[in-house]
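Residue numbers (my numbering): 12 to 490. Heads up: the structure comes next, in structure tokens.
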């Protein structure tokens with residue numbers, strides 16, 4: 012009886028241990044299931060598997076490729092990339108570094124007409140390095156209140172590109188008209204409020220200008236003046252305005268990503284391809300709109316060829332001026348461009364019908380509002396590049412859609428010096444963006460997808476700790 016009782020006790024103890032073993036296993040499985048379920052709400056299953064096996068997930072999805080004709084244009088993506096890489100980008104890079112195209116007259120100190128400016132900028136790179144008054148010809152040496160002294164080393168920072176060209180004299184601005192652009196809000200003739208900047212001292216790059224102030228600018232542009240066209244939208248003119256602004260927005264984002272502050276303490280700058288993916292590359296329509304805007308501006312430049320190839324690019328440096336004119340003629344008369352993409356965009360299809368003139372007035376008013384919004388940008392350097400590029404867009408619109416008193420296209424459009432500078436610099440900015448997307452877009456997409464599929468670093472640590480605990484602890488007990 013005693014032996015039978017002892018056997019019964021032993022069997023019961025073994026059963027208890029078995030029940031405890033399976034209970035612990037069940038608890039463990041339940042715990043892991045809960046953790047995985049919670050993680051799955053914000054992480055993909057692939058990333059969880061990757062995490063537990065300590066391997067990175069490289070998604071096998073096909074990367075986005077752009078082929079065929081750019082929507083609403085007359086040129087293919089492949090042709091744009093080829094022409095830009097071989098012809099346009101090299102020529103434009105040289106043009107914008109000439110004395111004529113690297114200086115810009117701009118009104119930087121303006122009150123926002125829509126709301127009190129509350130923009131805050133964290134970095135010194137937000138501020139604009141202005142040109143000293145003695146760089147410019149006597150007629151334009153107004154009593155500007157905000158000029159920096161010519162020996163301001165903090166501004167120039169000892170960089171080679173900060174060296175100022177001193178060859179300008181009184182003939183620099185001779186032969187150019189002073190007239191307002193009907194598409195933009197600034198009074199281009201009011202020289203008393205203008206200052207001059209050198210683009211080589213003020214590159215378009217990351218400035219730290221973020222937050223509600225920056226978002227409010229773009230929100231006002233899109234929601235109030237340039238709403239996205241709906242599916243099946245029949246108004247081509249509204250589509251054009253939206254795509255131009257979206258393409259410009261994409262280009263600005265790409266330049267921020269291409270010259271990003273990687274380490275503020277060490278003042279290290281470089282590419283941030285994840286930012287480019289987050290803001291542009293993961294949205295095919297934004298890339299398409301970038302190409303559209305590039306071709307639209309290219310069409311405006313080629314349409315104004317007769318004017319631009321005889322303009323006086325005088326700065327007082329005859330060798331530089333001759334080089335500028337030669338580069339401009341090479342750009343306008345390039346046989347590869349004329350053969351492969353003779354009509355980048357066909358503006359003749361717009362403003363048709365009885366409502367055409369009224370529709371043009373409406374869109375012109377909307378674009379003027381967008382131009383005025385540039386005065387609300389809280390970051391000086393962002394405001395500079397915003398004003399330049401919006402004026403460039405306005406100049407292209409002026410070239411392509413100017414009409415005479417009988418509502419017929421004007422054959423000869425008069426441009427002022429600032430408009431030509433803005434137009435060519437905008438074309439260069441778009442060219443740089445197209446080149447960067449073409450060269451780095453696929454890598455940006457690959458990095459962006461991997462980045463979005465991998466959990467945050469602190470989550471990785473927790474999961475790896477759990478996995479080690481499972482391997483070395485609980486599972487070992489019950490094996």
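Each residue gets a CB set at the ideal place from its N, CA and C atoms; glycine is no exception.
Q | Local conformation of residue 115 per DSSP, three classes | A | strand
Q.
Just to confirm my understanding: we take residue 342, look at its own chain, exclude 5 residues before and 5 after, and list those with CB closer than 6 Å. What are they?
A. 102
Q: Would you tell me roughly how many angstroms separate the C-alpha atoms of residue 442 and residue 366, rounded to the nearest one?
A: 34 Å
Q.
What does the Cβ neighbour count give for residue 122, buried or exposed, with the cut at 16 atoms within 10 Å?
A. By the 16-neighbour rule on beta-carbons within 10 angstroms, residue 122 is exposed.
Q) Rounded to the nearest angstrom, how far is the Cβ of residue 289 from that of residue 79, given a contact under 8 Å? A) Actually they are not in contact, since the Cβ atoms of residue 289 and residue 79 sit about 26 Å apart, beyond 8 Å.
Q) Between the stretch 435-454 and the stretch 94-101, do three or more beta carbon pairs fall short of 8 Å? A) yes
Q. Quick one, are the C-beta atoms of residue 309 and residue 355 less than 7 Å apart?
A. yes
**Q.** Limits of the beta strand (DSSP E) - the one that residue 258 falls within
**A.** Note, residue 258: premise wrong, no beta strand (DSSP E); alpha helix (DSSP H) at 247-269.
Q.
Do residue 357 and residue 85 have their beta-carbon atoms positioned less than 7 Å apart in this structure?
A. yes
Q: With a cut-off of 8 Å on the beta carbons, I'd call residue 455 and residue 205 a contact; round off their distance for me.
A: In fact, because the Cβ distance is near 38 Å, the residues do not count as touching under 8 Å.
Q. In three-state terms, what does DSSP make of residue 206?
A. strand
Q: Just the C-alpha distance for residue 278 and residue 347, rounded to the nearest angstrom, thanks.
A: 42 Å
Q.
Taking 7 Å as the limit between beta carbons, can you name the residues of its chain near residue 314, skipping five residues before and five after?
A. Excluding positions up to five away in sequence, the list reads 410 and 411.
Q: Whole angstroms is fine: what's the gap from residue 338's alpha carbon to residue 106's?
A: About 7 Å.
Q: Please determine, among 431, 229, 464 and 463, the residue with the shortest C-alpha to C-alpha distance to residue 320.
A: 431
Q | Classification of residue 281 by the beta-carbon crowding that lies within 10 angstroms, buried from 16 upward | A | exposed
Q | Range covered by the alpha helix (DSSP H) that runs through residue 406 | A | 391-412
Q | Distance between residue 115 and residue 336 (C-alpha atoms, nearest Å) | A | 18 Å
Q. If you follow the beta strand (DSSP E) that residue 299 is part of, which residue opens it and which one closes it?
A. Unbroken run through residue 299 is the alpha helix (DSSP H), 295-314; no beta strand (DSSP E).
Q | residue 284 classed as buried or exposed, judged by whether at least 16 other C-beta atoms fall within 10 angstroms | A | Buried is the call here.
Q | Rounded distance between the beta-carbons of residue 213 and residue 395, thought under 8 Å | A | 6 Å
Q) So is residue 364 buried or exposed if we call it buried at 16+ other beta carbons inside 10 Å? A) exposed
**Q.** Beta-carbon proximity list for residue 259, same chain, < 7 Å, skipping 5 on both sides
**A.** 304, 400 and 404
Q: Evaluate residue 110 with the Cβ neighbour count: other Cβ atoms within 10 Å of its Cβ, from every protein chain shown; 16 or more gives buried, anything less gives exposed.
A: buried
Q: Using DSSP bridges, identify the partner residues of residue 230.
A: None, per the DSSP bridge assignment.
Q. Do residue 492 and residue 380 have their C-beta atoms within less than 7 Å of each other?
A. Beyond the ends of the chain as shown, which are 12 and 490, falls residue 492; an answer cannot be given.
**Q.** Of the listed residues 83, 76 and 93, nearest to residue 351 (C-alpha basis)
**A.** 93
Q: Return the bridge partner residues of residue 87 from the DSSP annotation.
A: 80
Q | Separation of residue 262 from residue 83, as counted between CA atoms | A | 19 Å
Q) Quick one: what's residue 274 bridged to in DSSP? A) Its beta-bridge partners are 279.
Q | Beta-carbon proximity of residue 252 to residue 374, cut-off 7 Å | A | yes
Q) Is the beta carbon of residue 124 sitting closer than 7 Å to the one on residue 383? A) yes
Q: Just mark residue 344 as buried or exposed, buried being the case when its beta carbon has 16 or more other beta carbons within 10 Å.
A: exposed
Q) From residue 318 to residue 329, what does the alpha carbon distance come to, in whole angstroms? A) 20 Å
Q: Go through its chain and collect everything with a Cβ distance to residue 371's Cβ below 7 Å, but skip five positions before and after it.
A: 362 and 412
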